[in-house]
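Each step along the sequence shown adds one to the number in our numbering, with nothing skipped, and position 146 is 251.
This report refers to the structure that appears directly beneath it.
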Amino acid sequence: MKLILIRHGRTDWNVQGRVQGRTDIPLDETGRRQAAAVAQRLSGIRLNAIYASPLTRAHDTAKAVAAFHDCDIYVSEKLTEINFGAWEGKTGSELETQYASLWRDWNWILHPETCREMGAESADDILLRTLCCVQEILSAHPAEATVALVSHTMPIKLLTAYMIGLPAAKIRALKLANCSYTELDVVDADHAHLWVWNDTSHLHGACLQKGEAL
Numbered sequence: 106m107k108l109i110l111i112r113h114g115r116t117d118w119n120v121q122g123r124v125q126g127r128t129d130i131p132l133d134e135t136g137r138r139q140a141a142a143v144a145q146r147l148s149g150i151r152l153n154a155i156y157a158s159p160l161t162r163a164h165d166t167a168k169a170v171a172a173f174h175d176c177d178i179y180v181s182e183k184l185t186e187i188n189f190g191a192w193e194g195k196t197g198s199e200l201e202t203q204y205a206s207l208w209r210d211w212n213w214i215l216h217p218e219t220c221r222e223m224g225a226e227s228a229d230d231i232l233l234r235t236l237c238c239v240q241e242i243l244s245a246h247p248a249e250a251t252v253a254l255v256s257h258t259m260p261i262k263l264l265t266a267y268m269i270g271l272p273a274a275k276i277r278a279l280k281l282a283n284c285s286y287t288e289l290d291v292v293d294a295d296h297a298h299l300w301v302w303n304d305t306s307h308l309h310g311a312c313l314q315k316g317e318a319l
């Protein structure tokens, strides 16, 4: 099965560098243009299904993609972004100042104890629910199907890293732009070949804003 992983379009909080997490921030004007651009890129691919996070920024990106395809959007809570708890709405610089040790540890380790202390999900929490969604997709669609997942930074990074054997502690070295295109050729629920990572060639006319506030 081919999985096409799309990160949602840009939001105002992405521009401001604020931690979004589960906070339901909509796409900004550039984000809407980015969604239209990635939708146009996928218009020439036959999609058998589209799965999306319920958060507005992801679901609206998925709706732009779905406009070119005769298939439904399956909304899954398992694809939503990391729950940051009390950290949501703060910038990275604010967190670095107010919670220096926790911020450093979370940024590079995502250790369960560190995440519990800050009231957030751990990497294991996020990966487990994301893999559950992938298993459901593999069970629901034939092996030759092409399925698009519209999600967020952490689920996409953790899923990709796991499927290609990269340790979760290394994912901060992976950059993932808004409305980027990533493609996996899935062997089974635990293994995949990575064909494309973080491709943004379709966004050059959409005023791409670099950066990856969660």
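Where a beta carbon is used, it is the ideal one built from N, C-alpha and C, also for glycine.
Delimiting residues of the beta strand (DSSP E) encompassing residue i
i    : result
N303 : H296 to D304
L254 : T251 to S256
L108 : K107 to R112
V239 : Where V239 is concerned, there is no enclosing beta strand (DSSP E), although the alpha helix (DSSP H) it sits in stretches over A228 to A245.
V124 : Per DSSP, V124 belongs to no beta strand (DSSP E) and is neither H nor E.
A157 : A154 to A157
Distance, residue j Cα to residue i Cα
i    : j    : result
V292 : S227 : 26 Å
H164 : P217 : 29 Å
E134 : R162 : 12 Å
L132 : V120 : 11 Å
E249 : G190 : 39 Å
S158 : T202 : 31 Å
L147 : W211 : 34 Å
I269 : D229 : 16 Å
I187 : T251 : 26 Å
H222 : Q145 : Correcting the residue type first, residue 222 is Glu in the shown sequence and not His. Each residue's Cα considered, the two are about 42 Å apart.
S244 : M106 : 11 Å
D117 : L289 : 29 Å
G136 : N283 : 8 Å
A141 : H307 : 10 Å
H309 : Q139 : 9 Å
R127 : P247 : 32 Å
A266 : L281 : 12 Å
I276 : H174 : 32 Å
C220 : W192 : 11 Å
From the options, residue whose alpha carbon lies closest to that of residue i
i    : options                   : result
L279 : H298, A294 and W302       : W302
C238 : A205, I269, L184 and K195 : L184
D129 : L233, G194 and W208       : G194
D295 : M259, N283 and L232       : L232
Q125 : A140, L160 and L207       : L160
Y286 : A225, W300, R127 and E182 : W300
Run of the alpha helix (DSSP H) containing residue i, from where it starts to where it stops
i    : result
T287 : No alpha helix (DSSP H) contains T287, which is instead part of the beta strand (DSSP E) from Y286 to D293.
A144 : E134 to L147
G197 : G197 to Q203
With 16 other Cβ atoms within 10 Å as the buried cut-off, status of residue i
i    : result
R123 : buried
A205 : exposed
A274 : exposed
S181 : buried
Count the CB pairs spanning the region 169–178 and the region 139–157 that are closer than 8 Å, and state whether there are at least three.
yes
Validate contact between the region 255–275 and the region 109–120 using beta carbons, cut 8 Å, 3 pairs:
Short answer: they touch.
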